[in-house]
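To start, the structure under review is shown below, and the notes come after it.
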Amino acid sequence: MARMTQDTAADSSSEPDRVEGAPTLREAAVLAGGGEAPTARHLVSIDDISLQEMHALFRLADRFAAEPRAFAGTCPGFISASLFYEPSTRTRLSFESAMLRLGGGVLTAAEMTSSSVVKGESLADTIRVVGGGYADVIVLRHPSEGAARLAARYSPVPVINAGDGSLEHPTQTLCDLYNLHVERGKIEGLDVVLAGDLKYSRTVHSFAYALARFGANIVCVPQAGLELPDYVVERLHEDFQVEPMRADARRLGNLASNSDAVYLTPQKPHQLSLFTDARGWEVQSVDAVYMTRPQTERHSGAELSETTYLRLEKRAMAAESLRDAVVMHPLPRRDEISDEVDADPRSIYFKQAARGVPIRMAILAWLLGRVPLESAGEPSESVESYGVPVGPNPCPNPSCISRTETRHAEPRFRILDRDPLRVACAYCTRELSHAVIGCSRSRIFHAPQAGTIRLILPEHLVFFGNEEAAVEAGFRPAVGLTGH
Amino acid sequence: MARMTQDTAADSSSEPDRVEGAPTLREAAVLAGGGEAPTARHLVSIDDISLQEMHALFRLADRFAAEPRAFAGTCPGFISASLFYEPSTRTRLSFESAMLRLGGGVLTAAEMTSSSVVKGESLADTIRVVGGGYADVIVLRHPSEGAARLAARYSPVPVINAGDGSLEHPTQTLCDLYNLHVERGKIEGLDVVLAGDLKYSRTVHSFAYALARFGANIVCVPQAGLELPDYVVERLHEDFQVEPMRADARRLGNLASNSDAVYLTPQKPHQLSLFTDARGWEVQSVDAVYMTRPQTERHSGAELSETTYLRLEKRAMAAESLRDAVVMHPLPRRDEISDEVDADPRSIYFKQAARGVPIRMAILAWLLGRVPLESAGEPSESVESYGVPVGPNPCPNPSCISRTETRHAEPRFRILDRDPLRVACAYCTRELSHAVIGCSRSRIFHAPQAGTIRLILPEHLVFFGNEEAAVEAGFRPAVGLTGH
Amino acid sequence: MARMTQDTAADSSSEPDRVEGAPTLREAAVLAGGGEAPTARHLVSIDDISLQEMHALFRLADRFAAEPRAFAGTCPGFISASLFYEPSTRTRLSFESAMLRLGGGVLTAAEMTSSSVVKGESLADTIRVVGGGYADVIVLRHPSEGAARLAARYSPVPVINAGDGSLEHPTQTLCDLYNLHVERGKIEGLDVVLAGDLKYSRTVHSFAYALARFGANIVCVPQAGLELPDYVVERLHEDFQVEPMRADARRLGNLASNSDAVYLTPQKPHQLSLFTDARGWEVQSVDAVYMTRPQTERHSGAELSETTYLRLEKRAMAAESLRDAVVMHPLPRRDEISDEVDADPRSIYFKQAARGVPIRMAILAWLLGRVPLESAGEPSESVESYGVPVGPNPCPNPSCISRTETRHAEPRFRILDRDPLRVACAYCTRELSHAVIGCSRSRIFHAPQAGTIRLILPEHLVFFGNEEAAVEAGFRPAVGLTGH
């Protein structure tokens with residue numbers, strides 16, 4: 274079986290961006306019975322959409338929100354399929370409501386894991402069948418990270434990621450951004466407080482990246498011990514030139530009294546000097562407070578005793594700096610927002626959920642090609658990835674779809690940096706760790722910092738955890754490596 | 274936490290008809306994204322509908338039944354959501370069929386309890402999200418008594434009760450009444466036999482109240498030991514002036530041979546004298562036999578051995594008094610109607626179920642404001658209720674929604690009688706029992722029969738199980754009460 | 274209770290083709306609220322459709338496949354109900370997609386066994402309720418053999434069998450045939466390889482019968498030990514004059530290297546002489562390879578070690594005889610087709626699944642009376658069956674619906690042959706075994722080979738496992754039988 278994998282990978286090395294056995298887009302169109310546009314656009318990650326496209330989606334959602342029942346003629350005869358490999362009734366109903374409002378039909382598979390479809394059937398096969406003729410768009414929820422990326426490779430019709438493990442949930446992020454757009458008229462330059470569990474909620478991480486991309490400022494008010502991880506702060510800096518600063522949060526009052534607040538801003542240092550002093554940036558007035566629930570399912574018991582978790586109450590909202598702040602929450606909430614806050618006109622979390630429908634109407638109508646986006650400009654450049662030509666799957670993430678979907682998900686990686694070489698799994702985006710790097714053509718392996726690595730074509734790169742593994746796979750050490 | 278509850282309740286005492294934290298109707302309309310009529314009409318109890326409205330619904334259902342597929346243009350772009358916290362496929366499919374026949378869309382959450390939506394999320398929050406933008410009407414099935422009443426308080430869109438515990442199932446009752454209307458052309462004055470388990474089936478109780486309200490007569494033919502409870506008979510008398518009489522059921526033949534039949538009639542005594550003799554009222558000819566199944570899930574084993582349960586067979590239907598009687602059953606049936614009766618033209622139970630669709634079409638089209646009711650007159654006056662301002666939840670019913678939905682369902686009561694004071698839970702309608710009654714303003718408590726109680730405003734009434742509890746809550750006894 | 278069954282059966286003997294208690298078609302129409310055509314056409318078995326009708330369905334499916342979204346006006350206001358007593362998401366979604374494409378509505382009951390509908394409710398009652406007013410067509414999946422046949426007897430609306438145990442799955446067979454029609458332009462005269470588990474897959478048996486009926490030739494390439502059963506080969510011979518021959522499969526290469534291939538052909542012997550020699554018929558060129566998965570759920574562990582199961586790989590497809598062969602599979606597949614074959618243009622299994630939608634659109638539109646079949650000719654004659662007038666259920670099949678649906682499914686049989694008398698269960702088609710045969714009128718029993726049996730009317734035939742059972746039931750032996 275191992276040999277088989279190698280052969281397959283070797284064949285595919287001449288066609289770098291294509292899983293062996295997967296249909297090309299042209300073939301996919303044929304599978305779909307002809308007629309389909311051969312270039313289905315997917316929504317797997319928030320990174321798949323350009324800022325211009327997001328603005329255009331917001332404008333489209335505005336139209337839908339104004340008259341939610343006036344667009345039943347938009348998608349007649351079209352069908353969406355909700356394939357949910359883990360239950361999430363709220364997300365599912367939101368998408369299905371959007372499709373019904375557009376006049377389309379809905380296929381529901383709410384509990385795929387208990388169904389015979391998946392008894393031994395690969396995700397890739399299910400996607401090819403459902404996307405091949407049953408439905409015009411697939412809404413996928415899956416517990417494995419990268420599952421939606423895999424599905425998009427095999428689907429002749431658009432795939433929308435409705436949550437893949439803890440990796441991405443792009444329509445939730447779009448919904449949150451759309452709410453800021455509606456409530457504030459813009460996103461750039463806003464000051465947004467992220468409060469609560471900032472460590473384990475990847476949805477919050479996605480939201481933070483998106484805020485930075487729009488040029489908004491972030492005030493982190495973490496639960497003690499659940500601060501924003503360093504790798505998120507680093508990516509914010511690398512990708513969006515965000516500067517983290519110590520924040521003086523005294524004006525936030527009760528909300529931040531037990532928290533070491535941090536201010537993250539894409540503003541240039543010379544601009545910042547106007548608002549900062551020796552103590553760091555001073556929080557003046559906030560546009561939005563985004564509360565999050567404790568991700569208890571990912572905590573060890575020691576990290577959090579729930580009784581002490583941050584709680585937004587009436588008196589916290591009395592702080593002057595929050596006078597014009599809207600209160601947001603992705604819901605469901607538990608105790609982190611007191612019921613007494615519900616009646617406060619600044620509480621928009623139920624409106625926020627309701628707006629999930631028009632923004633998803635916009636996404637569906639756009640991906641189905643029923644409504645063009647106004648002046649959306651060029652789409653985001655899609656990420657190039659490469660099959661792993663030799664050896665075992667280098668992805669270290671046990672929740673990655675490439676580890677369970679072994680029949681179809683050929684291990685793949687994409688390049689983060691060339692010097693030194695840093696690569697990540699093309700499905701779950703987890704960075705690979707490796708001790709030596711080989712070339713599948715020359716069958717020679719190198720130290721990771723060797724300059725010659727830059728000469729190896731991406732589709733020939735092989736990653737080994739140690740020299741022994743490389744030798745065992747039939748590779749020889751480069752001159753200067755002992756290879757013992 | 275207990276203190277918090279008290280504070281919240283105290284705040285709300287100035288706004289008596291409103292749960293703290295719940296949106297007002299105006300706010301609810303805003304939550305729904307504007308546009309919604311601010312006065313959503315709900316169907317929680319059969320008592321919510323006036324007789325005139327029921328007659329108008331029957332006429333509307335007649336039109337739908339005549340051409341079931343001719344009304345697909347009635348609700349285009351409208352969406353109903355089936356939120357089922359316990360399974361009931363028949364009820365769900367009946368509602369969904371009705372909505373589809375009207376041209377609307379359907380969202381289905383058939384197993385809410387196994388879904389992530391409800392992991393720690395309150396019913397009130399779920400209702401606000403689904404009613405806030407996903408759906409235009411909510412069909413709710415819930416195991417807790419009073420759940421639909423609670424949902425209606427929080428929903429910006431109409432809530433239809435599809436069964437809340439064993440409390441109410443108003444569309445089943447409407448369907449049964451509609452069948453009598455179709456088969457007999459009227460309901461007033463009909464003689465209807467209720468047979469079987471009359472003790473535990475609350476659906477039968479609702480049906481009995483409704484029959485009395487329409488002026489129909491009821492012949493009770495109970496399974497021995499499962500007679501109509503006294504409190505039902507009392508309410509029939511109090512609310513509808515129904516007189517219970519011993520019935521001479523010999524003409525009912527086999528059907529009543531082992532049963533002590535009782536005749537319940539809203540007719541005036543002087544009218545009755547025509548039909549009665551020393552043995553009581555004599556059953557002459559019956560318009561309908563309504564069979565019920567044993568509510569085995571609510572029996573102790575001793576109360577019923579199933580083999581001896583009443584069974585309607587061919588020869589029972591040969592009784593002269595049943596010559597023109599239709600046979601009804603809410604289904605599913607088990608053995609209480611023999612299969613051989615199915616082919617009898619008087620057996621209408623399958624027709625009865627089928628008519629659930631047009632009557633539910635009428636309810637949906639009406640509540641969604643798509644079809645006006647002809648000359649429906651004024652709606653039933655809605656029941657006024659009051660929050661409990663201090664102390665623990667006085668509702669003694671462990672199945673009441675107010676006991677589990679503690680985050681949002683503030684304990685509430687409504688007044689049944691003023692002298693002596695009798696009050697019932699505003700959710701589950703169970704009457705409260707209390708030893709002393711306090712006033713939350715004066716902080717004085719009284720004996721239940723004290724005349725001064727009439728001077729306390731309803732929103733200041735507090736109920737205590739005993740004097741000690743009142744003292745512990747900081748109340749003082751009125752003059753003449755020892756307060757030890 | 275036993276006596277009751279006998280009485281019921283005795284009554285019904287005067288109305289031979291009708292279950293006591295079941296509505297006649299006229300009554301069924303009445304149950305449905307009038308209006309319905311009194312002659313609902315069902316699809317229980319592939320045998321229910323004539324060849325002409327199948328050709329007409331294929332032409333209709335061609336139109337739907339050409340423009341899948343252009344027919345949303347075909348079934349407005351119509352509703353299909355998916356009643357699935359065991360999960361089969363793929364089949365369900367395929368039917369629901371078809372109904373939505375036709376503009377109809379869909380009711381989904383995906384897990385009937387866990388629902389309250391079936392708690393003690395008979396299938397016959399559920400069908401009468403759902404078919405009586407909720408839906409215009411019922412798509413039924415059930416684990417018991419013959420369940421769809423039973424449902425069709427009670428349903429006022431068309432019933433489509435979406436799989437009843439391992440008995441029939443006619444729309445799968447129609448889909449397979451439709452694929453041959455599309456890919457090859459005809460079915461008659463094609464050479465089709467059936468490969469893999471030919472013993473336990475009843476779907477393959479149905480496909481084989483249908484191929485023979487169309488005049489196609491079958492090359493059996495079974496997994497060793499899982500050959501086509503003798504009774505299938507015999508029926509192919511009896512019903513379709515198919516001649517089995519030893520096949521020389523050397524030209525099939527790897528695919529058949531471990532298999533004793535057999536050739537089944539409806540061709541006349543004088544035609545065959547052109548293609549055969551001493552070694553039997555030589556496989557020259559194949560039109561289609563139909564791979565099947567191991568039916569592991571029906572194997573004892575000894576019959577199959579999965580590692581050795583037949584596997585279709587790239588090099589097998591290199592055989593010259595397969596140059597123009599399409600590869601089919603009913604899906605889901607496991608390892609019996611290698612992923613590397615997916616990209617081969619001859620692999621049509623994903624297209625095959627996608628074509629399940631237009632063929633099911635054709636079936637739905639036809640059965641709902643929305644589209645007439647062009648020149649479909651006369652329908653297949655429906656099978657006549659007879660109630661068992663006396664004694665216990667003679668069907669020996671423990672999975673037969675007649676054994677569990679005892680409240681409504683009167684035991685019935687149909688006659689396979691008159692001399693000697695051979696009869697089969699009218700539900701599951703399993704042949705009955707009996708030692709003696711009685712007449713319910715004369716109360717005399719006979720040996721199975723007795724000539725007098727031919728004089729007994731079908732509706733009076735009684736089957737006993739032995740003489741003792743007959744005597745116990747009050748029957749006397751015919752002259753010449755000892756009856757001890």
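Quick mapping for you: the protein sequence lines, in order, are chains P, C and R. Here this note's numbering is used: position 125 in the first sequence is 398, and no number is missing along the way. Here this note's numbering is used: position 106 in the second sequence is 379, and no number is missing along the way. Here this note's numbering is used: position 389 in the third sequence is 662, and no number is missing along the way. Note that CB positions come from ideal geometry on N, CA and C, so glycine has one too. Given the structure is predicted, the values throughout are model-derived calculations rather than measurements.
Problem set entry | Simplified DSSP assignment, three categories, for S620 (chain P) | The residue given as residue 620 (chain P) occupies position 347 in the first sequence. Strand at S620 (chain P).
Problem set entry | chain R contacts from the region 342-364 of chain P (Cβ-Cβ distance under 8 Å) | P349, G350, F351, I352 and A354
Exercise. If you run the structure through DSSP and keep just helix, strand and coil, what is Y700 (chain P)?
Worked result: The sequence position of residue 700 (chain P) within the first sequence is 427, counting from 1. Residue state, collapsed to three classes: coil.
For this session: Determine, using beta carbons only, whether A382 (chain R) comes closer than 8 Å to chain C.
Result: For the purposes of this step, residue 382 (chain R) is identified with residue 109 of the third sequence, where counting begins at 1. Chain C, which has a Cβ nearer than 8 Å to the Cβ of A382 (chain R), makes this yes.
For this session: Can you pull the chain R residues whose beta carbon is under 7 Å from the beta carbon of V630 (chain C), in chain order?
Result: Here residue 630 (chain C) is taken as the residue at index 357 of the second sequence, counted from 1. In chain order: G406 and Y407.
Exercise. Which class does E441 (chain R) belong to by DSSP, given the choice of helix, strand or coil?
Worked result: Locating residue 441 (chain R) in the third sequence gives position 168, counting from the first residue. E441 (chain R) falls in the strand class under three-state DSSP.
Problem set entry | Coarse secondary structure for E340 (chain R), derived from DSSP in three states | As a working mapping, residue 340 (chain R) is identified with position 67 in the third sequence. Three-state DSSP puts E340 (chain R) in coil, outside helix and strand.
Problem set entry | Which of helix, strand or coil DSSP assigns to N490 (chain R) | Residue mapping note: residue 490 (chain R) aligns to position 217 of the third sequence, counting from 1. Of the three classes helix, strand and coil, the one that applies to N490 (chain R) here is strand, per DSSP.
Exercise. Is the region 507-516 of chain R close to the region 463-472 of chain R, with three or more CB pairs under 8 Å?
Worked result: no
Exercise. Taking the alpha carbon of I411 (chain R) as the point to measure from, which residue in R:R363, R:L440 and R:T381 has its own alpha carbon closest?
Worked result: In the third sequence, the residue the question calls residue 411 (chain R) occupies position 138. Ranking the options by Cα distance to I411 (chain R), first place goes to R:T381.
Problem set entry | Between the CA atoms of L525 (chain R) and G642 (chain P) - distance to the nearest angstrom | For the purposes of this step, residue 642 (chain P) is identified with residue 369 of the first sequence, where counting begins at 1. For the purposes of this step, residue 525 (chain R) is identified with residue 252 of the third sequence, where counting begins at 1. Cα to Cα, the separation comes out at about 46 Å.
For this session: Can you grab the Cα-Cα spacing for the pair D615 (chain R) / S675 (chain P), in whole Å?
Result: Here residue 615 (chain R) refers to the residue found at position 342 of the third sequence. Here residue 675 (chain P) refers to the residue found at position 402 of the first sequence. Rounded to whole angstroms, D615 (chain R) to S675 (chain P) spans 19 Å at the Cα level.
Exercise. List, in order along the chain, the chain P residues whose C-beta lies closer than 7 Å to that of E253 (chain R)?
Worked result: Only positions 274 to 757 of chain R appear in the structure, and residue 253 (chain R) is not among them; the question remains open.
Exercise. Going along chain C, which residues have a C-beta under 7 Å from G393 (chain R)?
Worked result: For this step, residue 393 (chain R) is matched to residue 120 along the third sequence. What G393 (chain R) touches in chain C: P605 and R607.
Exercise. When you compare only the Cα positions, how much space is there between E500 (chain R) and L604 (chain R)?
Worked result: Working through the third sequence from its first residue, we reach residue 500 (chain R) at position 227. Working through the third sequence from its first residue, we reach residue 604 (chain R) at position 331. Approximately 20 Å, taken between the alpha carbons.
Problem set entry | Whole-number beta carbon distance between A520 (chain P) and L556 (chain P), since they are thought to touch under 8 Å | Counting from 1 along the first sequence, the entry for residue 556 (chain P) is found at position 283. Counting from 1 along the first sequence, the entry for residue 520 (chain P) is found at position 247. The question names Leu, yet the displayed sequence has Val at residue 556 (chain P). Between A520 (chain P) and V556 (chain P) the Cβ distance is about 6 Å, and since that is below 8 Å, they are a contact.
Problem set entry | 8 Å contact criterion, which L537 (chain P) and V562 (chain P) should meet: CB distance rounded | As a working mapping, residue 537 (chain P) is identified with position 264 in the first sequence. As a working mapping, residue 562 (chain P) is identified with position 289 in the first sequence. The Cβ separation is near 15 Å, so there is no contact.
Exercise. Which bits of chain C does G378 (chain R) rub up against, with CB to CB less than 7 Å?
Worked result: By one-based count along the third sequence, residue 378 (chain R) stands at place 105. Neighbours of G378 (chain R) on chain C, chain order: L373.
Exercise. Taking only beta-carbon atoms, is A626 (chain P) less than 8 Å away from chain C?
Worked result: Along the first sequence, one-based indexing puts residue 626 (chain P) at 353. By this cut-off, A626 (chain P) is an interface position.
Problem set entry | S370 (chain R) beta carbon less than 8 Å from that of A408 (chain R) | As a first step, residue 408 (chain R) is located in the third sequence; it is residue number 135 there, counting from the start. As a first step, residue 370 (chain R) is located in the third sequence; it is residue number 97 there, counting from the start. No. Outside cutoff.
Problem set entry | Cβ pair Q496 (chain C), T476 (chain C) closer than 8 Å | Start at 1 with the first residue of the second sequence, and residue 496 (chain C) comes out as number 223. Start at 1 with the first residue of the second sequence, and residue 476 (chain C) comes out as number 203. No. Outside cutoff.
Exercise. The beta strand (DSSP E) with V535 (chain P) in it runs from where to where?
Worked result: Position 262 of the first sequence holds residue 535 (chain P). From DSSP, the beta strand (DSSP E) with V535 (chain P) extends over V535 to T538.
Problem set entry | Helix, strand or coil at L604 (chain C) according to DSSP, with G and I counted as helix | The residue given as residue 604 (chain C) occupies position 331 in the second sequence. Three-state result, L604 (chain C): coil.
For this session: Taking P443 (chain P) and I319 (chain P) to be in contact with their CB atoms under 8 Å, please state how far apart those CB atoms are, rounded to whole angstroms.
Result: Taking the first residue of the first sequence as position 1, residue 443 (chain P) is located at position 170. Taking the first residue of the first sequence as position 1, residue 319 (chain P) is located at position 46. The Cβ separation is near 4 Å, so the contact holds.
Problem set entry | Beta carbon proximity, S389 (chain R) to chain P, threshold 8 Å | Within the third sequence, numbered from 1, the residue matching residue 389 (chain R) stands at position 116. Here the model assigns S389 (chain R) a pLDDT of 44, short of 50, so the residue's position is not dependable, and the following value carries that caveat. Output row for S389 (chain R): interface = no.
Exercise. For the region 667-681 of chain C against the region 708-723 of chain C, are there 3 or more C-beta pairs whose distance is under 8 Å?
Worked result: no
Exercise. Does the beta carbon of V403 (chain R) sit closer than 8 Å to a beta carbon anywhere in chain C?
Worked result: As a position in the third sequence, residue 403 (chain R) is number 130, starting the count at 1. It does; some Cβ of chain C falls within 8 Å.
For this session: Consult DSSP for T381 (chain P) and reduce its assignment to one of helix, strand or coil.
Result: Taking the first residue of the first sequence as position 1, residue 381 (chain P) is located at position 108. Correct three-state label for T381 (chain P): strand.
Problem set entry | T364 (chain P) versus P:A435, P:T347, P:G350 and P:A638, residue with shortest Cα-Cα distance | For this step, residue 364 (chain P) is matched to residue 91 along the first sequence. Taking only the C-alpha atoms, the option nearest T364 (chain P) is P:A435.
For this session: For P229 (chain R), I'd like the list of residues in its chain whose CB is within less than 7 Å of its CB, leaving aside the five on either flank, ordered along the chain.
Result: This structure cannot speak to residue 229 (chain R), because chain R is shown only from 274 to 757.
For this session: Return the chain-ordered ranges of every beta strand (DSSP E) run that is complete within the region 486-530 of chain P and spans a minimum of 3 residues.
Result: 490-495 and 516-521
Exercise. Which chain P residues are close to H681 (chain C), counting only those with a beta carbon under 8 Å from its beta carbon?
Worked result: Along the second sequence, one-based indexing puts residue 681 (chain C) at 408. Near H681 (chain C) (Cβ distances below 8 Å), the residues of chain P are D612.
For this session: Over the uninterrupted beta strand (DSSP E) stretch that includes R687 (chain P), give me the two end residues.
Result: Residue numbering aside, residue 687 (chain P) sits at position 414 when the first sequence is read from its first letter. Segment R685 to R691, the beta strand (DSSP E) holding R687 (chain P).
For this session: Kindly indicate the opening and closing residues of the alpha helix (DSSP H) around D398 (chain R).
Result: What you label residue 398 (chain R) is simply residue 125 of the third sequence in a count that begins at 1. Here the alpha helix (DSSP H) through D398 (chain R) covers L396 to V402.
Problem set entry | Unbroken beta strand (DSSP E) run spanning Y427 (chain R), endpoints | Position 154 of the third sequence, counted from the start, is the residue given in the question as residue 427 (chain R). Looking at the DSSP string, Y427 (chain R) is not in any beta strand (DSSP E); the run it does join, the alpha helix (DSSP H), is A420 to Y427.
Exercise. Taking the alpha carbon of R619 (chain C) as the point to measure from, which residue in C:A345, C:E609 and C:M601 has its own alpha carbon closest?
Worked result: Here residue 619 (chain C) corresponds to residue number 346 of the second sequence, with the count starting at 1. Comparing Cα-Cα distances from R619 (chain C) to each of C:A345, C:E609 and C:M601, the minimum goes to C:M601.
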